[in-house]
Structure formats: structure tokens, C-alpha cells
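**Student:** Going line by line, the protein sequences match chains L and S. Sequential numbering from 231 applies to the first sequence in my numbering. Sequential numbering from 1388 applies to the second sequence in my numbering. Just so you know, even glycine gets a beta-carbon here, dropped at the ideal spot from N, CA and C.
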Amino acid sequence: MGKAIKVPTMAQYMADGKLPEVLFWVGCAGSFDDRAKKITKAFVKLLHKARIDFAVLGTEEGCTGDPAKRSGNEFLFQMQAMTNIELMNAYKVKKIVTACPHCFNTLKNEYPNLGGNYEVVHHTQFLKSLFDEGRLSIKGGKYKGKRITFHDPCYLGRANNIYEAPRELLKKLEVALIEMKKSKRNGLCCGAGGAQMFKEAEKGEKDINIERTKQALEINPSIIAAGCPFCNTMMTDGVKNSKKEGAVEIMDIAEMIANAQDL
Amino acid sequence: MQYIPNILFLLLLVGGVGYFTMNIRKLIRNINLGLDVDRKDQKNIRFKNMAKIALGQTKMVRRPIAGFLHIIVYVGFLIINIEVLEIIIDGLFGTHRIFAPLGKAYNVLIGSFEILALLVLVAIIAFWIRRNVIKIKRFFSAEMTGWPKSDGNNILYFEIVLMLLFLTMNAADYKLQLLEAAHYVKAGAFPVSSWMIAPFIDGLSESALIVIERSAWWLHIAGILVFLNYLYFSKHLHILLAFPNTYFAKLTPNGQFTNSEAVTKEVKLMMDPDADPYATPDPVAETEEVAKFGASDVMDLNWIQLMNAYTCTECGRCTSECPANLTGKKLSPRKIMMDTRDRLEEVGKNIDANNGEFKDDGKQLLGDYITTEELWACTTCNACVETCPVSIDPLSIINEMRRYLVMEESAAPTELNNMMSNIENNGAPWPYNQMDRLNWVNE
């Protein structure tokens, strides 16, 4: 991050006796994965540009427990959840934004019943609201007219019925939005969900990300837009596998907006 | 002597309905072997969902061809049943076409039944061609051999025979009306049977026509009763269960998995700094049965999941959308539902054979029916749940069984165990130091 952009922590806010407008939940991928860190930074640039009063949990943040829960380890999930909830409640967190649909789904749907009640939004929803409120604006930019498709993350789309926010952002970028034959509620999974990200696939004829990338490449996009760090990894691997890495890019929508504004 | 047909009819009706009722009671008992889950909330939304999805077929028509054909058969089935009411009254009281005094309305009614019967025939033949000539892929998965395969065709044959009997009965009736035979009141309109069936019985004597009319009438009602009783043994149960199944379906977002309450209790105790690990155990809590985590058999699933299994009509839309199945993995969400039903039936028979008590048969759903390879192939993407035309949730069963594997058996794949110990030790699924979480800021 450049020197001009500060990334304050909740602890710092607490010390100053203030509360931020929103907590940015970075997530494990956003914190540690080299590719996902770029998405995190792009999103922070946008938050800064829109003058959002935000904070992160920093070293106090821990996995939401999503991969443990989807693997069947309810104990570990609830340990993680309760630790995070205790922390966030102590910080009086009201609103959370995250760039990871898995964190989003878990925080939004599975934390309330354990005592964690927050308004949780995905970063595409949050960015859309910033545009709607005039806190961010954009004109054309470098993606204008480009053939771009959006790969629906399962945990944003089917899991939570959010299909339009990311597409509206792409429309703001004036891209030529094209849809794969399988999209929105029929979208094919990238293959990472349900903790598959962390294991070898069961034996079969091919990997799921190869199949999904094939569907994307069929419609010749110059960019496959993503809204999930795990989809991003899977689709990037798929494109490499098809030897198309020079021709097709995988980009998070936050990165595209930041790029279009030369942030 | 003149009451013999009435008595025969009564016996047939009582036998048919009685055996069916007995099996439905068995079905309800089996479903109730599942754990309790409260789905009595938000009645308005539930009724709306049932009206939309089951009655309105909104999810069926997402695949337009199958959806359209299905609506024809479905509407035909619903409406032609009005005719069954007349048949039952006639059968019991020895009347003939008791609704005939409705006059013009009756003609419209019978006429539209005939047209529907023809449309149903056409749709059924199209279904048969899809299954047996075009051989649509989802009807030919590994689990679609043996009984499930013949069941699919049996239903189509049943329906063809029933429709033809209905039209034959009407055609003979029509001819008898023209001959002004006694007891055959001039009533009804026969826009289909008069040209489709009547030419085959042209020139037959009155007595021959009566034999045909009576035989078709008896076979038709007997066929309906046999078909009714076939349901319990068939995937065709969906015609009844689609309604409760869509009514009681989960209303929370697809992505929301349940939080296990038994686990919450234990985790709270572990995290409570005031909890005394050496305290005398609460005698009340001690006597409670120790909860089993997750599911290894049908009794560990909840009653919704068991009802789902009976509701499944094996259409295979779930499997055809499943990313694991599409890429050649063993997992098929449809098989998860079929296995659950098969095992539940086995448990039910075991209970029947042992005076109402389940006797351990050394078998269970996990391993004997569903393998771990299938369970670990799931990406929890919800494609199966989203596409099911009757709101079945195979994913919830998969996750319950994973819970059993992990929490009771510690039998997760090694890589997942590594991922989980990373979360335990450093708060992330990868082996990075939690203290490095904010390093990206300065990179």
C-alpha cells in the first residue's frame, strides 16, 4: 500500500474511542494469498478514494470457520465463530464488508444464531452502494466496450441470490457484458467450494475448473471478471491449463474499478 | 343378485384405498423416524412456495420441453380425476353417468376430459421417446439401472393404458348412445374417442358394445386403484409428496448451513473461563442421551430429509447440474436421495419384522449405501438444491454425513485435516503465522 493510504485497525479505533463506518473483513485469502492480496489492496484504494471510514481486525482476525464447517467440522467452525464474535462484539461492530463470498455467507448467515448480528455485505454490493450514493463515480475508462463475462461465485449467487450487484458494476465500467451458457443461478461452480480448495479432487474425468474455464473461453472474453478470491485462483489455473494466459485475464471487479480510475 | 356389481365395486374400492392407506401410514411412520426439526413458522411464505413450485410448476418449466410436457400430464391428471368421482358414485349406486343431468356443462366436462386424455397420451409418448429412443443422458446414470429404470417406464405404460381405457369406455358409450341402448343416457361429448377409438368398434352388436364398455369401465377404475397402490413402491410418490415437500422446505438462504446445537453447548462450555472442569456433572444432563454428531444412518437425519427421499422422482436434474458429476466424479445428488430412501425402506421393513422395534442389522446409510468418495466430491455449490423442481436438499444430507465422518470418526481426507489443524493453530487454512495477517499493508 502506498504511504498515503492508512489501513487502521479496530484496536486503534478503540484506543481513540471511535467507531469506524464499516469493518473490512479481509479474510485468509485476502491476507495471505499473493493474488488475493492484490484484490484487497485494490478494494482498500477504492475505500480510500470514497473516503470511507473503515478499519480491519488485522492480526486479531481469524478464519470465519467456513472451510471447517463445509468439511463437517462443526466444532472447529463454532470455536472460530465464537472467538470472532466475541472480538467483534467487544469492538461494537455494526457493519462488515468483505471481498470473499465464503466469509460473507458465513458471517451473514451462520454467525447470527451464535450471537454475532451484523449487517454484512459483499464488496460488490458495497461498491454499488457507493456509486448509488455518489461517493464513487466513474466514466468509461479502459474497459469500455471490452468483451467481459462474469463468473458467479456459488456463495454469492445461488447461496445468497446476489446476481445483479457485480453485473451493475460492470455496466458502470461500460463493458460489453457477455454471459456464459451457464450463468447466474445455473452458473457452474469453479470447483473450490466445500473446502475442495484445500484438497485434491476426487477421481474423475477432469477438474471442475477446467470445465468452467472452457465454458468461459467458448464466448471469447478478454477478461473473466470474478468476485471471489478462490474462483479467481481456480479460473486462473484453468486459463493457464488452456494456454490462454496471455489472451484472457481473470480480474476481480474491485481491481477493474480501481484500474479504470488509475488508482 | 342385482347388487353384486355394487358389492364387488365396494370391495374393490375398500381394498384399494385400504391397502394404500396402510402403506401411507407406514410411510409417515418411516418419515417420523427422522429427527425433529421445526418448520411450522412463516406459514404464509410456505403456502406461497407450495402454490408456486408444486401447484404452479414454476421450477419444472425452467427446462421448457420437459416442463411443458409435464404440465400437460399434470393438468390432465388433476382434471380427469373429476371423472373418477363420477365413476365411484356410479359404481357404488349402480347408476350410469350420474352427472349427466348437468346437461351442457356435462358435455363440456366430458369433452375436455377427452381432449386432455389425448394430450396426455401425446405427452406420455414424448416422455417415452425421451427415455427410450433419444436416451437423454440423465436417465442413464449408474443409479438408473434395475428397478429405477423399469419404474420410469412402468409409470408411462400405466398412464397410456389408463387413458386408452378411458377413451375406449367413452367410445363404446358413444356407440351405445347412438343405438339408443337402455340405461345409456344420451350425455357427454366425445370429440376424441368418436374418431380415435370408435372406428375400431364399428358395426358391433349392442351386447358386444356393452361388454366392451363395461370391461373398459371396470378395468379403468381397477387400473386407477392399482396405480394408486403402485405409488408407494415407486418414484411416482412425488405427485402427493411434492406438496408437503415444497411447503416444509428450508426458507433460509441456500448458503446457510445449520449450526449444530449439541456442538454449541460444548463449545460454549469450553470457552467459558468460569467453567469448572472438575465440577460434579449435572445429574439431569448426564442422563440425557449423548448426542451423536452428524449422520451415519437414516435415523440421524431429520424428517424433512427423509420426506425429501420419498419425494424424489429421480428426474436427475440435480445430477445433470452437479459439477462433480459433470466432471466424472462418483457423486450424484440423485443417488444420495435414492440411497436414503432405499435404506429408510430397509429400516422400515426391519421394524415391521421385529414387532415395531428396529433390530441392528449391521448396516447403515454410510458405507453400505453412500461411500465417502461420493461425500468428499461435493463442492457445496447448491446447484442440486437450486435446480430441484420440488425443493429437495441433497446437500444437507451430504453435510450431515461429513459431520459424522469428521466429528465421530476423524475420517477426513489428510489434506483437510491439515487445513483444519492450520485453522486451529494459526487461524487460517494455510500454515501462515497469524501475526503476519496485516503484512499486505506494507508490501
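1. Report the neighbours of residue 454 (chain L) on chain S: residues whose CB is nearer than 8 Å to its CB, in chain order.
2. DSSP state of residue 278 (chain L), grouped into three classes?
3. Give the secondary structure of residue 388 (chain L) by DSSP, where H, G and I count as helix, E and B as strand, and everything else as coil.
4. Please state whether DSSP places residue 1689 (chain S) in a helix, a strand or coil.
5. If we call anything under 8 Å between Cβ atoms a contact, is residue 1650 (chain S) one with residue 304 (chain L)?
6. Only counting the same chain, and skipping five residues up and downstream in sequence, which positions put a Cβ closer than 7 Å to that of residue 1413 (chain S)?
7. Using a Cβ cut-off of 8 Å (strictly closer), state whether residue 312 (chain L) contacts chain S.
8. Along the segment 1624-1647 of chain S, what residues have a CB closer than 9 Å to any CB found in chain L?
9. Tell me the DSSP secondary structure of residue 328 (chain L) in three-state form.
10. Within the 8 Å Cβ cut-off, does residue 305 (chain L) reach chain S?
11. So for residue 479 (chain L), helix, strand or coil by DSSP?
12. Straight-line CA distance for residue 1817 (chain S) to residue 1539 (chain S)?
13. What residues from chain L crowd round residue 1825 (chain S), counting only those whose CB sits closer than 8 Å?
14. Output yes if chain L places a C-beta closer than 8 Å to the C-beta of residue 1473 (chain S); else output no.
15. Starting from the Cα of residue 1462 (chain S), find the closest Cα among S:1475, S:1472, S:1441 and S:1482 and give me that residue.
16. Could you tell me whether any non-hydrogen atom of the ligand NAD is closer than 7 Å to the CB of residue 1815 (chain S)?
17. What is the residue span of the alpha helix (DSSP H) that residue 1515 (chain S) lies within?
18. So which residues of chain L does residue 1766 (chain S) contact, with C-beta pairs closer than 8 Å?
19. So which residues on chain L does residue 1819 (chain S) lean against when the C-beta distance must stay under 7 Å?
20. Less than 8 Å between CB atoms is the rule here; does residue 1803 (chain S) satisfy it with respect to chain L?
21. Tell me which same chain residues have a C-beta within less than 6 Å of the C-beta of residue 1448 (chain S), skipping the five on either side of it?
22. In angstroms, rounded to a whole number, what distance separates the CA positions of residue 340 (chain L) and residue 1504 (chain S)?
23. Mind pulling the chain L residues with CB within less than 8 Å of residue 1435 (chain S)?
24. For residue 377 (chain L), write down the residues that DSSP places opposite it in a beta bridge.
25. Beta carbons nearer than 7 Å to chain S: which residues of the segment 350-371 of chain L have them?
26. Going along the segment 1779-1800 of chain S in order, which residues come within less than 7 Å of chain L, judged by CB to CB distance?
27. Residues of chain L with a CB under 7 Å from the CB of residue 1681 (chain S): which are they?
28. From this set, L:262, L:308 and L:255, which residue's C-alpha is nearest residue 286 (chain L)'s C-alpha?
29. Determine whether the Cβ of residue 1810 (chain S) lies closer than 8 Å to any Cβ atom of chain L.
30. Which residues, in order along the segment 1717-1744 of chain S, keep a beta-carbon less than 8 Å from a beta-carbon of chain L?
31. Looking at C-beta atoms only, is the number of pairs between the segment 1635-1652 of chain S and the segment 296-316 of chain L that lie closer than 8 Å three or more?
32. Hey, quick one: how far does the alpha helix (DSSP H) through residue 1680 (chain S) stretch, first residue to last?
33. Below 8 Å on the Cβ atoms is my contact criterion, and I expect residue 1810 (chain S) with residue 1788 (chain S) to pass it. Report the Cβ-Cβ distance as a whole number of Å.
34. What do you reckon, are the CB atoms on residue 402 (chain L) and residue 378 (chain L) nearer than 8 Å?
35. Just checking my contact of residue 425 (chain L) with residue 297 (chain L) at CB under 8 Å: how many whole Å lie between their CB atoms?
36. Rounded to the nearest angstrom, what separates residue 489 (chain L) and residue 1697 (chain S) at their Cα positions?
**Tutor:** Let's see:
1. Simply none; closest approach about 17 Å.
2. In the structure shown, residue 278 (chain L) sits in a helix (DSSP, three-state: H, G or I).
3. coil
4. DSSP places residue 1689 (chain S) in strand when its eight states are reduced to three.
5. yes
6. Result list for residue 1413 (chain S): 1735, in chain order.
7. yes
8. 1639, 1640, 1641, 1642, 1643, 1644, 1645, 1646 and 1647
9. Assigned with DSSP and collapsed to three states, residue 328 (chain L) falls in strand.
10. yes
11. strand
12. 48 Å
13. For residue 1825 (chain S), the chain L residues whose Cβ falls inside 8 Å of its Cβ are 237, 239, 261, 286, 288 and 289, in order along the chain.
14. no
15. S:1441
16. As presented, the structure is devoid of all ligands, the ligand NAD included, so that no description of it is given.
17. 1491-1519
18. 384, 419, 421, 422, 423, 424, 426 and 438
19. 262
20. yes
21. 1454
22. 50 Å
23. What residue 1435 (chain S) touches in chain L: nothing, since even the nearest Cβ is about 16 Å away.
24. L:406
25. none
26. 1786, 1789, 1790, 1792, 1793, 1794, 1799 and 1800
27. 302
28. L:255
29. yes
30. 1717 and 1718
31. yes
32. First-last for residue 1680 (chain S): undefined, no H or E at that position.
33. In fact, because the Cβ distance is near 21 Å, the residues do not count as touching under 8 Å.
34. no
35. 4 Å
36. 53 Å
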